[in-house]
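*Asks:* Okay, here's the structure, questions in a sec.
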Amino acid sequence: MNIFRLAGDMTHLMSVLVLLLKIHTIKSCAGISLKTQELYALVFAARYLDIFTHYYSLYNTVMKLIFLGSSFSILWYMKRHKVVRRSYDKDQDTFRHHFLVLPCLVLALLINEKFTFKEVMWTFSIYLEAVAILPQLVLLQRTRNVDNLTGQYVFLLGAYRGLYIINWIYRYFAEPTYSTHWITWISGLLQTLLYADFFYYYINSVKNNVRLQLPA
Amino acid sequence: DADDSLKDEL
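Protein chains in written order, with my numbering: chain Z, 1 to 216; chain H, 217 to 226.
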């Protein structure tokens, strides 16, 4: 494993921890899109179908368990916790996320590297992850004033995607057996581009030491 | 299997 991949995984892990920290300690999920969280839970469930059937490394298994466990506990907090769920911006979080799921599934059935159940589900998770942040970005745009933890959460997610792209470039040149993965690369690039606008405003707000505010 | 190289990623 190279340093970019590790750094990517760590920023991904930190993004989840920041979110759980916000929810658990402040008992608030204000500014967090339940739609995006539902999509991520689905992404992990579809992608990690091999968790008990194929062993890669202890690191791999533990991280998968953390991502699965954390995404479903975030869902539990936002839907069931009697205090946290009251802070959910239900009226603002109106993105119709179900309409993202079906096209991704159809695309995975049509464009995949191998037509098997596990491979199609894996490809579906790649497509869905690429667009899963959209409800969250729309919610941020609507709320405009973004609190620090929510801003950090989205920033860390974007950083994770960016680092994964560098990881792929590195692997492409460093590993002789590494083949081209157009599906993952294009999806990953699209996903990272979705953050570009947010990144611009986030970095400006950090530089000027002001609260993150997105344009209407 | 060439296309398994990505499966060790998260």
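For each residue, glycine too, the CB sits at the ideal point set by N, CA and C.
#1: Please identify, using Cβ separations under 8 Å, the residues of the segment 171-187 of chain Z that lie next to chain H, in order along the chain.
#2: What's the call for Asp-224/H, buried or exposed, on a 16-neighbour Cβ count within 10 Å?
#3: For a cutoff of 8 Å on Cβ pairs, would you count Met-63/Z as touching chain H?
#4: Going by beta carbon distance, what residues of the same chain come within less than 6 Å of Val-16/Z, once the five residues before and after it are set aside?
#5: So which residues on chain H does Phe-67/Z lean against when the C-beta distance must stay under 8 Å?
#6: So, is Gln-191/Z buried or exposed, given that buried needs 16 or more other C-beta atoms within 10 angstroms?
#7: Taking 8 Å as the threshold (beta carbon to beta carbon), is Tyr-56/Z in contact with chain H?
#8: Does the CB of Arg-219/Z have a neighbour CB from chain H at under 8 Å?
#9: Output yes if chain Z places a C-beta closer than 8 Å to the C-beta of Ala-218/H; else output no.
#10: Can you tell me which of the three DSSP states Ala-218/H falls into?
#11: From the beta carbon of Asn-148/Z, is the nearest beta carbon of chain H less than 8 Å away?
#12: Report the three-state DSSP secondary structure of Asn-145/Z (helix, strand or coil).
#13: CA-CA distance, Phe-155/Z and Leu-137/Z?
#14: For the alpha helix (DSSP H) that Gly-69/Z lies in, which residues bound it at each end?
#15: Is Tyr-195/Z near Asn-2/Z, with beta carbons less than 8 Å apart?
#16: If we require 4 or more residues per run, which alpha helix (DSSP H) segments fall completely within the segment 134-194 of chain Z?
#17: Please work out which residues of its chain come closer than 6 Å, Cβ to Cβ, to Phe-95/Z, disregarding the five sequence neighbours upstream and downstream, and give them in chain order.
#18: In terms of alpha-carbon separation, which member of Arg-161/Z, Ala-159/Z, Leu-49/Z lies closest to Thr-123/Z?
#19: Three Cβ pairs or more, each shorter than 8 Å: is that satisfied between the segment 103-114 of chain Z and the segment 53-66 of chain Z?
#20: Could you tell me if Ala-159/Z is buried or exposed, where buried requires 16 or more neighbouring beta carbons within 10 angstroms of its beta carbon?
*Replies:* Taking the definition as stated:
#1: Answer set for the segment 171-187 of chain Z: Arg-171, Glu-175, Thr-177, Tyr-178, Ser-179, His-181, Thr-184.
#2: For the purposes of this step, residue 224/H is taken as the residue at position 8 of the second sequence. Under this definition Asp-224/H is an exposed residue.
#3: One-based indexing of the first sequence puts residue 63/Z at position 63. Yes, Met-63/Z counts as interfacial toward chain H.
#4: For the purposes of this step, residue 16/Z is taken as residue 16 along the first sequence, with counting starting at 1. Spatial neighbours of Val-16/Z in its own chain (CB-CB distance under 6 Å, excluding positions within 5 residues in sequence) are listed in chain order as Ser-70.
#5: Numbered from 1 along the first sequence, position 67 holds the residue referred to as residue 67/Z. Annotation: Cβ neighbours of Phe-67/Z in chain H (cutoff 8 Å, chain order): Leu-226.
#6: Working through the first sequence from its first residue, we reach residue 191/Z at position 191. With 16 or more Cβ atoms within 10 Å of its Cβ, Gln-191/Z is classed as buried.
#7: The count along the first sequence starts at 1 and reaches residue 56/Z at position 56. Judged by the 8 Å Cβ criterion, Tyr-56/Z is in contact with chain H.
#8: Because chain Z in this structure spans residues 1 to 216, residue 219/Z falls outside the shown range and cannot be described.
#9: Position 2 of the second sequence holds residue 218/H. No answer about Ala-218/H holds up, because its pLDDT of 45 lies below 50 and its placement is not dependable.
#10: Start at 1 with the first residue of the second sequence, and residue 218/H comes out as number 2. Because the pLDDT at Ala-218/H is just 45, under 50, the model does not fix this residue reliably, and the value given afterwards should be weighed accordingly. Secondary structure at Ala-218/H: helix, using DSSP grouped into helix, strand and coil.
#11: For the purposes of this step, residue 148/Z is taken as the residue at position 148 of the first sequence. Not one beta carbon of chain H lies nearer than 8 Å to the beta carbon of Asn-148/Z.
#12: Reading the first sequence from its first residue, position 145 is the one you call residue 145/Z. Three-state result, Asn-145/Z: strand.
#13: One-based indexing of the first sequence puts residue 155/Z at position 155. One-based indexing of the first sequence puts residue 137/Z at position 137. About 11 Å.
#14: In the first sequence, residue 69/Z corresponds to position 69, counting from 1. From DSSP, the alpha helix (DSSP H) with Gly-69/Z extends over 58-80.
#15: Taking the first sequence and counting its residues from 1, one reaches residue 195/Z at position 195. Taking the first sequence and counting its residues from 1, one reaches residue 2/Z at position 2. With a cutoff of 8 Å on beta-carbon distance, Tyr-195/Z and Asn-2/Z are scored as not near each other.
#16: Taken in chain order, the complete alpha helix (DSSP H) segments of 4 residues or longer contained in the segment 134-194 of chain Z are 134-143, 148-174, 182-194.
#17: Walking along the first sequence from the start, residue 95/Z turns up at place 95. Same-chain partners within the cutoff: Lys-35, Pro-135, Val-138.
#18: Counting from 1 along the first sequence, the entry for residue 123/Z is found at position 123. Comparing Cα positions, the closest option is Leu-49/Z.
#19: The segment 103-114 of chain Z makes no contact with the segment 53-66 of chain Z; the number of CB pairs closer than 8 Å stays below 3.
#20: For this step, residue 159/Z is matched to residue 159 along the first sequence. Buried: at least 16 other Cβ atoms inside 10 Å.
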